[in-house]
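Numbering (UniProt numbering), first residue to last: 1 to 234.
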């Protein structure tokens, strides 16, 4: 009978195990239970496509996306998240989300959202990815972390170029008849969805009407307005 020999546990053994590839944590976009009235979430599966609720003064097609001109470059990503969008002191971070529905909820009726490609260079933190979120909140816990994860938030430092902008939408409240009509898909420029601002609230019906790019049949030029690479925010 062959005797069982225990593998040595020492420097050589530890080195061999340490050299094995470590699986990279995957990002999980859905982080809260789906409401029975929700339309579901299928637009957040691509981690390189992001959405943002726009400030009234933002012009993403012409200028790209920038933090406010008066921002403090010393503010950290954690401070940006915990202080919220209403904070008086702004940092160098641009808040976005992997979810179109979350962006629409942030914008609310009368607001606008933009769809864009995640920059390939620069500093970004996808808060649904533990490997990236740990750099912002080392404990991966706490109110700020939970809020950012639930919102599928992605932070981008400094700016997003106009070339990354894919589409822009106006957000309006959807009366029942308009919501049903939009759900038929007859007008490809209009998206109907239900979204909520908190987990305790019921989803509200909203319409997203595409403003950019303009439809082909109108004769309006689809060319992007001239935008300087180093344009500064207003």
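By construction, the Cβ of each residue, glycine as well, lies at the ideal position given by its N, Cα and C atoms.
Given residue i as reference, the closest of the options once Cα atoms are compared
i           : options            : result
residue 130 : 161, 145, 61       : 145
residue 211 : 48, 174, 183, 60   : 60
residue 97  : 76, 148, 166, 180  : 148
residue 75  : 128, 104, 158, 141 : 158
residue 136 : 155, 122, 151      : 155
residue 116 : 202, 205, 46       : 46
residue 152 : 102, 110, 192      : 102
residue 164 : 79, 105, 213, 205  : 213
residue 104 : 178, 194, 202      : 194
residue 49  : 166, 110, 177, 215 : 166
residue 77  : 106, 150, 138, 202 : 138
residue 106 : 175, 79, 54, 202   : 54
Nearest-angstrom Cα separation, counted from residue j out to residue i
i           : j           : result
residue 44  : residue 100 : 7 Å
residue 209 : residue 190 : 5 Å
residue 169 : residue 112 : 6 Å
residue 82  : residue 114 : 23 Å
residue 132 : residue 124 : 8 Å
residue 93  : residue 197 : 22 Å
residue 207 : residue 143 : 31 Å
residue 56  : residue 62  : 14 Å
residue 188 : residue 200 : 31 Å
residue 184 : residue 110 : 23 Å
residue 128 : residue 178 : 33 Å
residue 88  : residue 121 : 28 Å
residue 186 : residue 84  : 38 Å
residue 79  : residue 162 : 27 Å
Coarse secondary structure for residue i, derived from DSSP in three states
i           : result
residue 153 : strand
residue 82  : helix
residue 61  : helix
residue 127 : coil
residue 101 : helix
residue 74  : coil
residue 183 : helix
residue 143 : helix
residue 106 : helix
residue 162 : helix
residue 192 : strand
residue 216 : helix
Rounded Cβ spacing between residue i and residue j (contact assumed at less than 8 Å)
i           : j           : result
residue 65  : residue 86  : The pair is not a contact, with the Cβ atoms about 19 Å apart (cut-off 8 Å).
residue 119 : residue 90  : No, residue 119 and residue 90 are not in contact; Cβ-Cβ is about 19 Å, not under 8 Å.
residue 171 : residue 108 : 7 Å
residue 268 : residue 192 : No statement about residue 268 is possible, as the shown extent of the chain runs from 1 to 234 and does not include it.
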